[in-house]
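Take a look at the structure set out below.
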Amino acid sequence: MYRPVPTSELSDDGEAPRTTPLRPWRLLALVVIAIVGVLCLAVALVRGRARPALAGADVRAALGLSVAASPPTAVPLSLPALRGSWRLGLPQTTSKGASSHEVPALAVDGQGRVLLEGSSQESKWHLVQDPNGTIFSHRRRADGWVLDRARSSLDVLVWRREGQGVELWYRERYDSYSDKDVAIEALGLQPDADPCNALEVTCDGGRITKIALSSPQTVQGRDVALFGRLPRLRVLDLSHSKVEGNIGSLAELRHLEVLDLRDTEVAGDIASVGAMPSLLALRLGGASSKSKIYGDLSDLRGLASLTELDISAAMGVSGDVAALAGLRHLEVLRLGRTQASGNLSALAALPRLREASLEFSGVVGDIGSLAP
């Protein structure tokens with residue numbers, strides 16, 4: 053549609069002004085400049101909001117677990133920061149699993165020299181100084197092991213060597229390092245795992261207090277004696293697993309409250325657990341008659357706090373039920389398919405007894421004698 057050009061828009065010679073069309077390459081240049089400007093602004097904002105690296109990761113970060121949802125953060129550890137006493141965790145291999153042996157303490161001085169219990173002899177564990185004086189991805193020991201900086205902390209150093217797995221150094225003040233070594237070996241966990249994060253394990257203050265297996269296959273063929281090296285253990289449930297060994301290896305667990313070894317390959321005399329002062333539940337029976345547990349009921353009379361006793365299908369267990377009359381807190385008693393003997397009337401002395409299973413045993417008498 054034709055539009056008259058206003059007089060104000062006319063040039064001095066009375067003609068309409070000419071416009072120069074915007075060429076495509078100029079338009080492209082303007083777009084590129086705009087994009088670059090936006091990117092520069094974004095980078096500046098990100099740098100302004102970036103948080104500094106963590107200066108001290110906890111034990112979980114050191115052992116390879118994520119902290120919240122953040123990726124592992126490398127912890128800069130100077131050689132002076134490593135000064136002090138350390139313990140060497142169990143050496144592990146990737147092909148044959150984990151094994152443990154006693155090793156002396158390691159003393160690290162401010163220059164990275166490692167002494168064995170104060171000895172001045174040369175050590176294969178001397179730390180190699182880097183130009184920056186801090187531990188980075190290329191931090192090495194004299195014997196060639198490399199530090200995993202993303203998983204190490206002020207309390208735990210994680211060393212790796214190709215084809216030889218993982219080696220852990222625990223600072224001396226970290227008193228539960230032995231618990232972790234035992235649990236890693238006993239439960240077949242990854243060498244740098246944190247047992248306290250496993251479904252089977254509960255910890256309190258860094259010490260393992262409960263092991264209740266969700267997958268019994270994990271301990272197949274392992275010796276129950278491994279678990280006897282966890283002094284703060286309160287609950288040990290290895291039921292329906294193929295764990296082996298002698299029940300006597302658990303006798304020193306003074307804090308143990310629940311011991312469940314039903315349907316396992318564990319053998320031994322019940323007398324070995326008859327003096328556990330904190331025991332509340334003792335389950336050594338099973339659904340089969342293959343139990344390797346044996347002994348006399350009288351050896352359990354010292355379990356004054358016991359509320360549950362299950363030795364079902366342990367054909368090697370015998371004795372008169374009258375020996376249990378002093379267990380005043382006993383609520384559940386299962387002695388079916390054992391060689392237990394005596395008269396039911398002896399159980400009338402148990403004021404809290406609410407369940408008694410004595411089928412296919414030698415216990416006889418009138419059930420009415422148990423009526424309140």
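Taking our numbering, I'd label the letters of the sequence shown as residues 53 to 424.
Even for Gly, the Cβ is constructed at its ideal location relative to N, Cα and C.
Since the structure is predicted, the reported quantities are computational estimates derived from the model, not experimental observations.
Fill in: Start and end residues, beta strand (DSSP E) containing V253
DSSP places V253 inside the beta strand (DSSP E), whose first and last residues are V253 to D256.
Worksheet entry | First and last residue of the uninterrupted beta strand (DSSP E) at G354 | Secondary structure note for G354: it is in no beta strand (DSSP E), with a DSSP letter that is neither H nor E.
Fill in: With 16 other Cβ atoms within 10 Å as the buried cut-off, status of S343
Burial call: buried.
Worksheet entry | Rounded Cβ spacing between S364 and S409 (contact assumed at less than 8 Å) | Approximately 7 Å separates the beta-carbon atoms of S364 and S409; this is inside 8 Å, confirming the contact.
Worksheet item: Which value, in whole angstroms, describes the spacing of the CA atoms of I263 and I299?
Response: Between I263 and I299, the C-alpha separation is close to 16 Å.
Worksheet item: Below 9 Å between beta carbons: does that hold for D275 and S293?
Response: No. Outside cutoff.
Item to complete: With a threshold of 16 other CB atoms inside 10 Å of the CB of S137, please say whether the residue is buried or exposed.
Response: Under this definition S137 is an exposed residue.
Worksheet item: With DSSP run on the structure shown, which of helix, strand or coil describes V318?
Response: Reduced to three states, the DSSP call for V318 is coil.
Worksheet entry | Reduced DSSP secondary structure (H/G/I, E/B, other) of E237 | Reduced to three states, the DSSP call for E237 is helix.
Practice prompt. Give the single residue among S397, D161, E309 and V84 whose Cα lies nearest to the Cα of G420.
Written response: When each option's Cα is compared against that of G420, the closest is S397.
Worksheet item: In terms of alpha-carbon separation, which member of S205, Q242, D321 and L352 lies closest to A133?
Response: With distances taken between Cα atoms, A133 lies closest to S205.
Practice prompt. Please name the residue in S330, R223, W197 and D256 whose C-alpha comes closest to that of E214.
Written response: Selection S330, R223, W197 and D256 evaluated against E214 yields W197 as nearest (Cα-Cα).
Worksheet item: Would a C-beta distance cut-off of 9 Å place G338 and A323 closer than the cut-off?
Response: Result no, Cβ atoms of G338 and A323 do not sit closer than 9 Å.
Worksheet entry | Nearest neighbour of G368, chosen from A392, V253 and E252 [CA to CA] | The shortest Cα separation from G368 among A392, V253 and E252 belongs to A392.
Discussion item. Taking only three categories from DSSP, how would you classify K262?
Written reply: Three-state result, K262: strand.
Item to complete: Out of A202, L382, R386 and E360, state which residue places its alpha-carbon closest to the alpha-carbon of A366.
Response: Per the Cα distances, R386.
Fill in: Residue(s) in a DSSP beta bridge with S370
Bridge partners of S370: D348 and Q391.
Discussion item. Can you tell me whether D312 is buried or exposed? The criterion is at least 16 other CB atoms within 10 Å of its CB, across all chains shown.
Written reply: With 16 or more Cβ atoms within 10 Å of its Cβ, D312 is classed as buried.
Item to complete: Consult DSSP for V271 and reduce its assignment to one of helix, strand or coil.
Response: Reduced to three states, the DSSP call for V271 is helix.
Worksheet entry | Local conformation of G338 per DSSP, three classes | Three-state DSSP puts G338 in coil, outside helix and strand.
Worksheet item: Do you know how far the Cα of T254 is from the Cα of I260?
Response: Their Cα atoms are separated by approximately 6 Å.
Fill in: Inside the region 275-313 only - alpha helix (DSSP H) runs reaching at least 4 residues
Listed in chain order, there is nothing to give.
Practice prompt. Evaluate G273 with the Cβ neighbour count: other Cβ atoms within 10 Å of its Cβ, from every protein chain shown; 16 or more gives buried, anything less gives exposed.
Written response: Here G273 is exposed, its C-beta having fewer than 16 other C-beta atoms within 10 Å.
Worksheet item: For S204, which three-state DSSP category applies?
Response: Of the three classes helix, strand and coil, the one that applies to S204 here is coil, per DSSP.
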